[in-house]
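To get the numbering used here, take the position in the sequence shown, counting from 1, and add 1. Each residue gets a CB set at the ideal place from its N, CA and C atoms; glycine is no exception. Reading through the structure tokens given below for one structure.
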Amino acid sequence: MKKKFQLGNIITISAAHLIHDFHSAFLAPILPLLIQKLGISLSLAGLLDVVRRLPSLLNPLVGILADKICVRYFIIIAPFITGLVMSLLGLAPTYAVLVIMLLVAGISSTLFHVPAPVMIKNIAGKRIGKGMSFYMVGGELARTLGPLIITIAVSWWGLEGTFRLIPISLAASIVLYIRLKNIKLSEEQLKQKKKSHPSATFKKLLPFFLTVSGILFFRAAIKSSLTIFLPTYL
């Protein structure tokens with residue numbers, strides 16, 4: 002049976018990607034205020050973004066876990082967790098608490114970004130490229146909206162008033178639950194899951210993984226070094 006392109010669900014996940022990622026973009030714009038509030042050095046400030054990205058090392062483990070259980074619940078809860086933590090950064094009383102909050106946000110981000118493209122694949126039928134294009138638009142748009150939203154929020158409510166943004170992420174997770182709770186894998190997809198073996202697939206694609214991982218690593222390193230301190234220097 003031909004699988005349908007589920008436009009409504011794809012737009013829902015793409016919108017959730019936007020909401021999740023614009024919360025993830027809050028750190029750099031408010032970093033100067035956090036440095037001033039907590040009296041931390043630039044070295045410690047730079048470590049914050051490293052902490053937030055550190056859980057991405059768990060991506061392979063999350064992928065294996067996603068092969069064994071229903072991934073929809075990762076996608077549903079992650080926007081709220083990330084939005085909650087990132088909206089409360091201004092209330093962090095100490096550097097240690099700030100590190101823990103960003104670590105939680107990083108774990109939540111990993112739980113969203115690993116299974117979300119898999120869900121897009123499952124509901125896009127044979128038009129996977131089109132489905133992923135919607136998903137990527139949400140992520141790219143978030144990088145623009147995130148700094149704008151947090152800057153406006155701080156100008157209106159102050160650094161410690163950004164918790165008022167929490168309902169946005171809560172609403173996103175509620176909508177995701179309503180829209181995705183009944184999505185099930187087709188028999189064909191279940192058979193493919195049973196036939197596939199993670200270790201065999203990894204060995205087969207190892208050269209590809211190493212090449213792409215190297216490119217992404219250096220790209221992320223250069224991008225982070227240029228962007229995380231930009232608001233601070235300005």
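The alpha helix (DSSP H) with residue i in it runs from where to where?
{"i": "Thr145", "result": "Ile129 to Trp158"}
{"i": "Leu34", "result": "Leu28 to Leu39"}
{"i": "Arg53", "result": "Leu43 to Arg54"}
{"i": "Gly162", "result": "Looking at the DSSP string, Gly162 is not in any alpha helix (DSSP H), and its letter there is neither H nor E."}
Can you tell me whether residue i is buried or exposed? The criterion is at least 16 other CB atoms within 10 Å of its CB, across all chains shown.
{"i": "Val63", "result": "buried"}
{"i": "Leu115", "result": "It should be noted that the sequence gives Val, not Leu, for residue 115. Looking at its Cβ environment, which holds 16 or more other Cβ atoms inside 10 Å, Val115 is buried."}
{"i": "Pro61", "result": "exposed"}
{"i": "Met2", "result": "Because the pLDDT of Met2 is 47, which lies under 50, any placement of that residue in the model is unreliable, and the question is left without a value."}
{"i": "Ala97", "result": "exposed"}
{"i": "Gly9", "result": "exposed"}
{"i": "Leu111", "result": "The identity of residue 111 in the sequence shown is Thr, whereas the question assumes Leu. When all chains shown are included, Thr111 counts as buried."}
{"i": "Thr13", "result": "buried"}
{"i": "Asn183", "result": "exposed"}
{"i": "Thr83", "result": "buried"}
{"i": "Gly91", "result": "buried"}
{"i": "Ser44", "result": "exposed"}
Put residue i into one of helix, strand or coil per three-state DSSP.
{"i": "Ala125", "result": "coil"}
{"i": "Thr95", "result": "coil"}
{"i": "Asn183", "result": "coil"}
{"i": "Lys69", "result": "helix"}
{"i": "Leu89", "result": "coil"}
{"i": "Phe23", "result": "helix"}
{"i": "Val213", "result": "helix"}
{"i": "Val63", "result": "helix"}
{"i": "Phe6", "result": "coil"}
{"i": "Val100", "result": "helix"}
{"i": "Val105", "result": "helix"}
With a Cβ-Cβ cutoff of 8 Å, do residue i and residue j count as a contact?
{"i": "Val72", "j": "Val119", "result": "yes"}
{"i": "Ala154", "j": "Ile20", "result": "no"}
{"i": "Arg53", "j": "Gly107", "result": "yes"}
{"i": "Lys4", "j": "Gly132", "result": "no"}
{"i": "Leu160", "j": "Phe23", "result": "no"}
{"i": "Met87", "j": "Ser25", "result": "yes"}
{"i": "Leu89", "j": "Phe164", "result": "yes"}
{"i": "Phe113", "j": "Ala67", "result": "no"}
{"i": "Phe81", "j": "Leu181", "result": "no"}
{"i": "Ala46", "j": "Leu34", "result": "no"}
{"i": "Ile167", "j": "Leu85", "result": "yes"}
{"i": "Tyr136", "j": "Ile121", "result": "yes"}
Counting only beta-carbon separations shorter than 8 Å, does residue i have a partner in chain C?
{"i": "Ser109", "result": "Included in the structure is just one protein chain, with no chain C present."}
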